[in-house]
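For reference, the structure discussed in these notes is given below.
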Amino acid sequence: MNYKGKYMVNRYEQVELFSRVEYRRRLDGIRRVMKEQEVDTSLFLECGEEAYDHWLTGQRYLDLIIVPAADECIGVCMSELNEALCDDPETTDFGRYFLQKKPDMVCDGVRFIGHAPDSILADIIAAGSPRKIGLVLPVNMNASLYDEIKKRLPNVEFTDISIPVAKFRSVKSDEEMYAIMQSRNMQMKVMEALPQIFRLGRTIGEMQHEVSSLFMEMGSTGVRNGNIHYSGPMDEPGGPRDGSPDHKLQIGDRMSALFEVPGPGHQCIAFERHYSIGAPSKGYEASVNNAIDVHNFAVSLMKPDSLSLSQIADKTREYVHSKGLELFESRGWNWMHSLGAFFYDQFSLEDYTDKLPLIEGQMLHCHPLIYRYFPNIGPDVREGIHLVNTYRIGPDGAEDLIGIPKDLVVLFE
Numbered sequence: 113m114n115y116k117g118k119y120m121v122n123r124y125e126q127v128e129l130f131s132r133v134e135y136r137r138r139l140d141g142i143r144r145v146m147k148e149q150e151v152d153t154s155l156f157l158e159c160g161e162e163a164y165d166h167w168l169t170g171q172r173y174l175d176l177i178i179v180p181a182a183d184e185c186i187g188v189c190m191s192e193l194n195e196a197l198c199d200d201p202e203t204t205d206f207g208r209y210f211l212q213k214k215p216d217m218v219c220d221g222v223r224f225i226g227h228a229p230d231s232i233l234a235d236i237i238a239a240g241s242p243r244k245i246g247l248v249l250p251v252n253m254n255a256s257l258y259d260e261i262k263k264r265l266p267n268v269e270f271t272d273i274s275i276p277v278a279k280f281r282s283v284k285s286d287e288e289m290y291a292i293m294q295s296r297n298m299q300m301k302v303m304e305a306l307p308q309i310f311r312l313g314r315t316i317g318e319m320q321h322e323v324s325s326l327f328m329e330m331g332s333t334g335v336r337n338g339n340i341h342y343s344g345p346m347d348e349p350g351g352p353r354d355g356s357p358d359h360k361l362q363i364g365d366r367m368s369a370l371f372e373v374p375g376p377g378h379q380c381i382a383f384e385r386h387y388s389i390g391a392p393s394k395g396y397e398a399s400v401n402n403a404i405d406v407h408n409f410a411v412s413l414m415k416p417d418s419l420s421l422s423q424i425a426d427k428t429r430e431y432v433h434s435k436g437l438e439l440f441e442s443r444g445w446n447w448m449h450s451l452g453a454f455f456y457d458q459f460s461l462e463d464y465t466d467k468l469p470l471i472e473g474q475m476l477h478c479h480p481l482i483y484r485y486f487p488n489i490g491p492d493v494r495e496g497i498h499l500v501n502t503y504r505i506g507p508d509g510a511e512d513l514i515g516i517p518k519d520l521v522v523l524f525e
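See the structure below:
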């Protein structure tokens, strides 16, 4: 089929998944942040990267959102792709999903426009004569738009407001919490079915297909991370994360289930548990218990108005070293972070800031990863292991939103 001109405007994602009151709450919150930061206008640059388009307007695939202090906001659609890419009917072209004309989008306080050149966007931004512009994801500011704004507003200041905006978003409203707990309930039904799904002689592929089918039947939306993982025999380092799909489950195997599946409103909650097929070996059981212990230590530090994420990371690192273990850390790896609006992460360890202690109402995924070594195979042979869970910061500390034991689950003992 020739997809030229087949614009995918009315995609299933482009619906309002929350009430108009909820979207107004989010916009009002952004403007409070702007006032605190003494910002006249804010620009959400390439806002689809962190799903700010969907979170702030209920619409996806926006390139830019312009938020003035008081006037109407502007949502700018992503640029149209070259239709020539769609001319070859023999070639699969996923670009057609991003082609956009100005659709009939509706969101209180937001006007949507088609993609425009930087000169036009600069005119819109300069119309309110802002003295200070707040940037969300400033790394995405292109030189052309910057120059066009400076031509019109030579004395304007720019400031990065990504972290305070992300911090505001990390505190969930009652409406968001309802959607998140619906996601939790959906995932718990699959988790409860795993002892029946994990049957000796079944292949990993068959079991994963059943898990995926259950999530789809219950209405999982958008990006899905509802996976079971075969990690190999208990005392051998694992191979690829999902293992061989043709492997048949047998005594001596180890499995894990990591669920992070968006439910209503694309809100997600995450948790992971480990499974021993048959009696666990001492080494495997010890590695799971170490992961649980380190996880619980980090969670014990989650208190409102106390420590920041990076301070929690520092103390957790010290604790891990005191136990003779090693914590995996790398730029791009966030083992404690808030929940995004569409499976993405905000306000995370990657920010490396000591200036923002946790606040009541925030939600956090927690999954510090430690190493398990295999000295019987080689001195440097190792693999990572963690346990994932989700918490809300309450007045007295972290509140477990999953509510099931973290212990290693033994099947066919």
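Its first residue numbered 113, the sequence shown is counted upward by one per residue in our numbering.
We treat Cβ as the ideally placed atom computed from N, Cα and C, and that holds for glycine.
**Request:** From the DSSP output, in three-state form, read off G168 for me.
**Result:** Position 56 of the sequence shown holds residue 168. Going by the sequence as given, residue 168 is Leu instead of Gly. In this structure, L168 counts as helix in the three-state DSSP scheme.
**Message:** Per DSSP, what are the beta-bridge partners of Q474 in this structure?
**Reply:** Numbered from 1 along the sequence shown, position 362 holds the residue referred to as residue 474. BP columns for Q474 point to V283.
**Alpha carbon of V522 to alpha carbon of S399, nearest angstrom** = Stepping through the sequence shown from its first residue, residue 522 is reached at position 410. Stepping through the sequence shown from its first residue, residue 399 is reached at position 287. Those two C-alpha atoms are separated by around 15 Å.
**Request:** Below 6 Å CB to CB, which residues in the same chain sit around S256 once its five sequence neighbours on both sides are set aside?
**Result:** On the sequence shown, position 144 is the one that residue 256 refers to. Once the five neighbours on either side are set aside, the close Cβ partners of S256 are D230.
**Item:** Identity of the residue in T153, R136 and M190 nearest G246 by Cα
**Value:** Within the sequence shown, residue 246 is the residue found at index 134, counting from 1. That would be T153, whose Cα lies nearest to the Cα of G246.
**Item:** CB of I340 within 8 Å of CB of A369, strictly
**Value:** As a position in the sequence shown, residue 340 is number 228, starting the count at 1. As a position in the sequence shown, residue 369 is number 257, starting the count at 1. Cβ distance < 8 Å, so I340 and A369 count as in contact.
**Asked** Which word fits K360, buried or exposed, when buried means at least 16 other C-beta atoms lie within 10 angstroms of its C-beta?
**Response** Mapped onto the sequence shown, residue 360 falls at position 248. Exposed is the call here.
**Item:** Buried or exposed by the 16-neighbour rule on C-beta atoms within 10 Å, applied to T428
**Value:** Working through the sequence shown from its first residue, we reach residue 428 at position 316. T428 should be labelled buried.
**Request:** Could you tell me the distance, in whole angstroms, from the CA atom of D259 to the CA atom of E134?
**Result:** The count along the sequence shown starts at 1 and reaches residue 259 at position 147. The count along the sequence shown starts at 1 and reaches residue 134 at position 22. When rounded, the distance between both Cα atoms is 35 Å.
**Prompt:** What residues in its chain sit with their C-beta under 7 Å from that of R138, if we drop five residues either side in the sequence?
**Reply:** For this step, residue 138 is matched to residue 26 along the sequence shown. W167 and L168, listed in sequence order.
**Proximal residues to M414 (C-beta, below 8 Å), its chain only, five neighbours per side dropped** = For the purposes of this step, residue 414 is taken as the residue at position 302 of the sequence shown. Here the set comprises I424, L470, L476, C478, Y503, I505, G509 and A510.
**Asked** Do you know how far the Cα of G338 is from the Cα of L155?
**Response** Residue 155 sits at position 43 when you count from the first residue of the sequence shown. Residue 338 sits at position 226 when you count from the first residue of the sequence shown. Spanning the two alpha carbons is a distance of roughly 34 Å.
**Prompt:** Is the beta carbon of M303 sitting closer than 8 Å to the one on F371?
**Reply:** As a working mapping, residue 303 is identified with position 191 in the sequence shown. As a working mapping, residue 371 is identified with position 259 in the sequence shown. The answer is yes: Cβ separation under 8 Å.
**Asked** DSSP beta-bridge partners for Y483?
**Response** Position 371 of the sequence shown holds residue 483. DSSP output for Y483 lists G496 as bridge partner(s).
**Request:** Report the rounded CA-to-CA distance for L312 versus D417, giving the unit in angstroms.
**Result:** Translated into the one-based positions of the sequence shown, residue 312 becomes position 200. Translated into the one-based positions of the sequence shown, residue 417 becomes position 305. Roughly 49 Å separates the two Cα atoms.
**CA-to-CA distance, S295 to R281, given in whole angstroms** = The count along the sequence shown starts at 1 and reaches residue 281 at position 169. The count along the sequence shown starts at 1 and reaches residue 295 at position 183. Their Cα atoms are separated by approximately 18 Å.
**Reduced DSSP category for V268 - H, G, I as helix; E, B as strand; rest coil** = For the purposes of this step, residue 268 is identified with residue 156 of the sequence shown, where counting begins at 1. V268 falls in the coil class under three-state DSSP.
**Message:** Buried or exposed for H498, going by 16 or more other Cβ atoms inside 10 Å?
**Reply:** Numbered from 1 along the sequence shown, position 386 holds the residue referred to as residue 498. Buried, since its Cβ has 16 or more Cβ neighbours within 10 Å.
**Request:** My understanding is that A181 touches M146, with C-beta atoms under 8 Å, so please give their C-beta distance in whole angstroms.
**Result:** The residue given as residue 181 occupies position 69 in the sequence shown. The residue given as residue 146 occupies position 34 in the sequence shown. Indeed they touch by this definition, with Cβ atoms about 6 Å apart.
**Prompt:** Apart from the five residues just before and just after K284, which ones in its own chain have a Cβ nearer than 6 Å to its Cβ?
**Reply:** For the purposes of this step, residue 284 is identified with residue 172 of the sequence shown, where counting begins at 1. Taken in chain order, the residues that qualify are M475.
**Request:** Just mark P325 as buried or exposed, buried being the case when its beta carbon has 16 or more other beta carbons within 10 Å.
**Result:** Working through the sequence shown from its first residue, we reach residue 325 at position 213. Correcting the residue type first, residue 325 is Ser in the shown sequence and not Pro. So S325 counts as exposed.
**Asked** Just curious, the beta strand (DSSP E) that L174 is in, first and last residue?
**Response** In the sequence shown, the residue the question calls residue 174 occupies position 62. From DSSP, the beta strand (DSSP E) with L174 extends over L174 to P180.
**Message:** Assuming contact is defined by CB atoms lying nearer than 8 Å, are L249 and E162 in contact in what I supplied?
**Reply:** Numbered from 1 along the sequence shown, position 137 holds the residue referred to as residue 249. Numbered from 1 along the sequence shown, position 50 holds the residue referred to as residue 162. Cβ atoms of L249 and E162: closer than 8 Å.
**Request:** Express the C-alpha separation of F310 and I316 in angstroms, rounding to a whole number.
**Result:** Within the sequence shown, residue 316 is the residue found at index 204, counting from 1. Within the sequence shown, residue 310 is the residue found at index 198, counting from 1. So the alpha carbons of these two residues sit roughly 9 Å apart.
**Message:** Short of 8 Å in beta carbon distance, which residues of its chain neighbour E269, apart from the five on each side in sequence? Order them along the chain.
**Reply:** Start at 1 with the first residue of the sequence shown, and residue 269 comes out as number 157. Answer for E269: R243, K244 and I245, listed in chain order.
**Contact belief for L174 with L157 at Cβ below 8 Å, rounded distance in angstroms** = If you number the sequence shown from 1, residue 174 lands on position 62. If you number the sequence shown from 1, residue 157 lands on position 45. Their Cβ separation, rounded to whole angstroms, is 11 Å, which puts L174 and L157 out of contact at 8 Å.
**Message:** Going by beta-carbon coordinates alone, are K301 and M330 separated by less than 8 Å?
**Reply:** Position 189 of the sequence shown, counted from the first residue, corresponds to residue 301. Position 218 of the sequence shown, counted from the first residue, corresponds to residue 330. Yes; because the gap between Cβ atoms is below 8 Å, this pair is in contact.
**Message:** So if DSSP puts K244 in a beta bridge, which residue, or which two residues, is it bridged to?
**Reply:** Start at 1 with the first residue of the sequence shown, and residue 244 comes out as number 132. Note: K244 sits in a beta bridge opposite E269.
**Prompt:** Which residues in the same chain as L461 place their Cβ atom closer than 6 Å to its Cβ, once the five residues preceding and following it in sequence are excluded?
**Reply:** To locate residue 461, count along the sequence shown from 1; it is residue 349. Note that L461 scores a pLDDT of 48, beneath 50, so its modelled location is shaky and nothing firm can be said.
**Request:** Spell out the partners DSSP gives Y387 in its beta bridges.
**Result:** Here residue 387 refers to the residue found at position 275 when the sequence shown is read from its first residue. DSSP lists M367 and V521 as partners of Y387.
**Prompt:** So, helix, strand or coil for S412, using DSSP?
**Reply:** Start at 1 with the first residue of the sequence shown, and residue 412 comes out as number 300. If DSSP states are grouped into helix, strand and coil, S412 belongs with the helices.
**Asked** Helix, strand or coil for M448 per DSSP?
**Response** The residue labelled residue 448 in the question sits at position 336 within the sequence shown. Correct three-state label for M448: strand.
**Item:** For G226 and C189, believed in contact at Cβ under 8 Å, the rounded distance
**Value:** Position 77 of the sequence shown, counted from the start, is the residue given in the question as residue 189. Position 114 of the sequence shown, counted from the start, is the residue given in the question as residue 226. The Cβ separation is near 5 Å, so the contact holds.
**Asked** Quick one: what's got a C-beta closer than 6 Å to V222's C-beta in the same chain, skipping five residues either side?
**Response** On the sequence shown, residue 222 is found 110 positions in, with the first residue counted as 1. Closer than 6 Å at the Cβ level, and outside the excluded window around V222, lie T169, C185 and G187.
**Asked** What is the DSSP secondary structure of C159, counted as helix, strand or coil?
**Response** Translated into the one-based positions of the sequence shown, residue 159 becomes position 47. Three-state DSSP puts C159 in a helix.
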